[in-house]
Amino acid sequence: MHEWALAESIITTAVEAAEKKKLKTISEIKISIGELQQIEQDIFEFALGEIIKSQDEKLKNVKTIIITEESKLKCKNCGNKWKFADIKKKLNDDESESIHFIPEVTFVHTRCPKCGSPDFEITSGRGVSITSIKGKR
Ligand SMILES: [Zn+2]
Numbered sequence: 061m062h063e064w065a066l067a068e069s070i071i072t073t074a075v076e077a078a079e080k081k082k083l084k085t086i087s088e089i090k091i092s093i094g095e096l097q098q099i100e101q102d103i104f105e106f107a108l109g110e111i112i113k114s115q116d117e118k119l120k121n122v123k124t125i126i127i128t129e130e131s132k133l134k135c136k137n138c139g140n141k142w143k144f145a146d147i148k149k150k151l152n153d154d155e156s157e158s159i160h161f162i163p164e165v166t167f168v169h170t171r172c173p174k175c176g177s178p179d180f181e182i183t184s185g186r187g188v189s190i191t192s193i194k195g196k197r
């Protein structure tokens, strides 16, 4: 149930950010979810809604917008860059499923499409972050 933990930390971070900006109410929170994070978006949104309900007036009319961030990878050997979406197409169902549950499995199945090196890094599209917060003072 890491969706709940994530939703809770998003709301806590948003409230803290609003306090720093001296916002009385938060009207919108934009959240970016990396493709490799692979969370259940339905559960995540439900969790956000429930946590928002239990919060104070600040979040009464808040709107949450969730965007998916494309995952990009970079080969440490030749510098080639590619997208996770490209390799995902080539995986069979079993591999695709295991990546869904453990993003780290990606490292076992993936090679640089250009030089074949298994040594690469994820440059974007991992983790959950707040892109922006809107509110009134
Ligand atoms: Zn390479």
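In terms of my numbering, the sequence shown is residues 61 to 197. The beta-carbon is built from N, C-alpha and C at its ideal position, and this holds for glycine as well. On a predicted model such as this, the values are computed, not experimentally measured, just so you know.
Ranking Trp64, Thr73 and Arg171 by CA distance to the CA of Thr191 puts Thr73 first. Counting only heavy atoms of ligand 1, the residues whose C-beta sits closer than 6 Å to one of them are, along the chain, Cys135, Asn137, Cys138, Asn140, Cys172, Lys174, Cys175 and Ser177. With a contact defined as Cβ atoms closer than 8 Å, Gly195 and Thr128 miss out at about 24 Å. In this model, Ala145 and Ile182 are separated by some 13 Å (Cα to Cα). Looking only at Lys149, Lys143 and Val75, the smallest Cα-Cα distance to Phe180 is reached by Lys143.
In the DSSP assignment, Gly94 falls outside any alpha helix (DSSP H) and within the unbroken beta strand (DSSP E) covering Thr85 to Gly94.
Here the alpha carbon of Pro178 sits roughly 13 Å from the alpha carbon of Lys141.
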